[in-house]
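In the UniProt record's numbering, the protein residues as written are 1 to 252.
For glycine and all other residues, C-beta sits at the position ideal for the given N, C-alpha and C.
See structure below.
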Amino acid sequence: MAESLSQEQLSLLAGRLSRDEIPAVKAHVIRVYICAVGTDSMTERDVFVENVYPKLRAYCKDRYGLEFQVSDLTWGLSVPEIESQTDLTPLRIREIQRCHALSAGPNFITFLGQKYGQRSLPDVILSDEYDVIQIALRTHKTRNTRNAPLLDQCYVVDENNLPPVYVLRARSAIVPEFNDPDETVRATAAAKWEEVQAELRTLLQRGADLAYLDGTMDSDSKERYYVSGEKRSRYFSLVDFSSACLFISLAL
Numbered sequence: 001m002a003e004s005l006s007q008e009q010l011s012l013l014a015g016r017l018s019r020d021e022i023p024a025v026k027a028h029v030i031r032v033y034i035c036a037v038g039t040d041s042m043t044e045r046d047v048f049v050e051n052v053y054p055k056l057r058a059y060c061k062d063r064y065g066l067e068f069q070v071s072d073l074t075w076g077l078s079v080p081e082i083e084s085q086t087d088l089t090p091l092r093i094r095e096i097q098r099c100h101a102l103s104a105g106p107n108f109i110t111f112l113g114q115k116y117g118q119r120s121l122p123d124v125i126l127s128d129e130y131d132v133i134q135i136a137l138r139t140h141k142t143r144n145t146r147n148a149p150l151l152d153q154c155y156v157v158d159e160n161n162l163p164p165v166y167v168l169r170a171r172s173a174i175v176p177e178f179n180d181p182d183e184t185v186r187a188t189a190a191a192k193w194e195e196v197q198a199e200l201r202t203l204l205q206r207g208a209d210l211a212y213l214d215g216t217m218d219s220d221s222k223e224r225y226y227v228s229g230e231k232r233s234r235y236f237s238l239v240d241f242s243s244a245c246l247f248i249s250l251a252l
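This is how it looks when you write it as structure tokens:
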């Protein structure tokens, strides 16, 4: 039997192929990542779930023998749940990469509406970048930078990570009332958390601006504190997987 196998097949069976030499397995699914501003496309995405996706599943199966899958990280969430999210960019990027790796065809669909999308609060900030922002805020002491200590109350350093990073504490650690059994108290905590998020976002943007003006931060790093998660996802997909992207305009 060994005589009938090619050298590549023998190497594969013996485990002697490198990762790059292992033959790619033919994909049997169409897996599409949905990129959309959650509060701007709820109706359209509901229509797709009810009317479009079932037809695409049937078409892919009957015509090509493929399974059609959809990955939509914010569909079904309420507006408060969407707006209370912190930075989902790492999760989004991993899921986009997964869809690209698994899909035999298109793997990214974005809905273009009227809203820009939420400028998410980063869950993780590189230690060096965080320090640059803090130095800028403390160097330029004004009424607009006086709340800089709030950053240290909400972000903690993780020196075990390589490179070291500052990690956003859990919201219940920042606003303990989130764990209160009283619904009214939790509602008040949610409103307080919105205020804290807004102030943290403002401080990071202001610090990045000041650091850029001081020459201690480049424009790309500064821009990260202003760009929405949806824009980051679109940019990542267009740069790496443009041939598999579809755009759907919601403008009238």
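#1: To the nearest angstrom, report how far apart ARG206 and ASP46 are at their CA atoms.
#2: With distance defined between alpha-carbon atoms, name the residue in GLN7, TYR33, SER6 nearest to LEU246.
#3: What residue range is occupied by the uninterrupted alpha helix (DSSP H) comprising residue 293?
#4: Which two residues bound the contiguous alpha helix (DSSP H) that contains GLU223?
#5: To the nearest angstrom, how far is it from the Cα of ARG146 to the Cα of LEU203?
#6: Suppose you measure from the CA of THR216 to the CA of ASP131; what does that come to, to the nearest Å?
#7: Applying the 10 Å Cβ sphere with the 16-neighbour rule, what's the burial state of PRO122?
#8: Taking C-beta to C-beta, are LEU91 and LEU102 nearer than 8 Å?
#9: Measure the CB-CB distance between LEU66 and HIS100 and report whether it falls below 8 Å.
#10: Quick check: what's the CA-CA separation for ASP180 versus ARG186?
#11: Looking at the secondary structure, which residues open and close the beta strand (DSSP E) in which VAL175 lies?
#12: Are the Cβ atoms of LEU112 and SER249 separated by less than 8 Å?
#13: In angstroms with no decimal places, state the Cα-to-Cα distance between GLN7 and SER221.
#14: Is it buried or exposed for THR110, if we count other Cβ within 10 angstroms and need 16 for buried?
#15: How many angstroms separate the CA atom of ALA173 from the CA atom of ASN160?
#16: What residues match up with GLN69 in a beta bridge as DSSP calls it?
#17: In the DSSP assignment, what are the bridge partners of ILE125?
#18: Name the DSSP bridge partner or partners of SER249?
#19: ASP158 bridges to which residues according to DSSP?
#20: Is the separation between the beta-carbon of LEU210 and that of ALA136 shorter than 8 Å?
Short version:
#1: 38 Å
#2: TYR33
#3: As shown, the chain starts at 1 and ends at 252. That puts residue 293 outside it, with no answer to give.
#4: 219 to 223
#5: 9 Å
#6: 10 Å
#7: buried
#8: no
#9: no
#10: 6 Å
#11: From DSSP, VAL175 is part of no beta strand (DSSP E); its letter is neither H nor E.
#12: yes
#13: 49 Å
#14: buried
#15: 21 Å
#16: ARG31
#17: TYR166
#18: LEU112
#19: VAL165
#20: yes
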